[in-house]
Amino acid sequence: MMVLSWGAPYFTNPSLLQQLLTVILTVTLPSESAAQTELRGEIGQNVTISCPVERQNTIKFFYLQKDEVFVNGFYTSRTIPKEKWPNTRVVHGKATVQMLHLKASHDGDYECHIQYNGSENVSSIVIHLSVTAKYSKPNVTMSCDDNICLVTCASHGGYPRAELMWNGVGDGSSPAWKVLNVSEESDPDTMLYNTSSTSSFNCSYGAKRLINCSVGGVASDMLPVCVPKDPPDIYILIVIGICSLLGLIALIPLLLRWKHKKEQTRAGDPKEAIPLN
């Protein structure tokens, strides 16, 4: 474990630099065994990193670093240079740092270093910050042609990387289903992941099935695939046929009556009568 040292670029006072070198030397001495704790945060939210302290002792200095880079801290007898992370602030007098507006780049190990008044030892502890972002609810689309259905699942904005899973498709050995492609892209600025996958279903192997997809613990709605086209119900056809036949039978007397009236009308029409001599 390497402790961050603040060199000459930050201090121009020789006596102050000498005192700091003394502190750095004491930091390299055997210290309390480092432990590690876990902390979780969500991208865009805030998190508080609280380093354990001995309440009966007074803190001489405290600083927090990540990958040997100074994050924030304080020294009771002098001012620490203000090269601190702009999204952080120290809770006054406590070994606690509030980190605002988390990003994916904030994920990682943080080292707390504390020295108490009257002691040459430096207490160190590692805190692992896991930063996450929930994937969006997967969107599923489907298109079918003959006996082949193509189903695409897409989700975005997640961190860290998570594998997209197809559910309800069996163990993957069936020839009725196969994954055609998988796409995973990470935004260069936010480091958030977008993922998608397209699967092919051969409906000639069996009846319909219900499937969905999931990524990062977020699942899509269930989707029926290979739904057979229902043939016309035989009873409906029989009813339609009977109704048509009854309708035709009902029309026959009307047609005969209309024809009879038409013949009577023609027989009584004076224009068609034979003139008398």
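Residue numbering for the sequence shown follows my numbering, beginning at 23 and increasing consecutively.
Cβ atoms here follow ideal geometry from the backbone N, Cα and C, with glycine treated the same way.
The structure displayed is predicted, hence computed values, not measured ones.
- If you draw a straight line from the Cα of GLU60 to the Cα of PRO197, it is about 44 Å long.
- Every beta strand (DSSP E) of 3 residues or more that sits fully in the region 103-150 is shown, in chain order, as 110-112, 118-121 and 130-138.
- Just so you know, the alpha carbons of PRO160 and SER242 end up roughly 5 Å apart.
- Residue state for LYS283 is assigned as helix, using DSSP reduced to three classes.
- Judged by DSSP in its simplified three-state form, ALA155 adopts strand.
- Residue burial annotation: ILE233 is buried, with at least 16 other C-beta atoms found within 10 angstroms of its C-beta.
- Closest by C-alpha distance to GLN78, out of GLU185, SER266 and ASN139, is ASN139.
- Its Cα nearest to that of PHE83, the residue VAL112 stands out among VAL112, GLU90, THR174 and ASP89.
- HIS114 is classed as exposed because its beta carbon has fewer than 16 other beta carbons within 10 Å across all chains shown.
- Put simply, of GLU133, THR101, ALA126 and SER72 the residue whose alpha carbon is nearest the alpha carbon of SER208 is ALA126.
- At least 9 Å separates the beta-carbon of CYS175 from that of CYS225.
- A Cβ-Cβ contact shorter than 9 Å links TRP188 with CYS235.
- Comparing alpha carbon positions, the residue from GLN87, HIS123 and GLN67 closest to ALA117 is GLN87.
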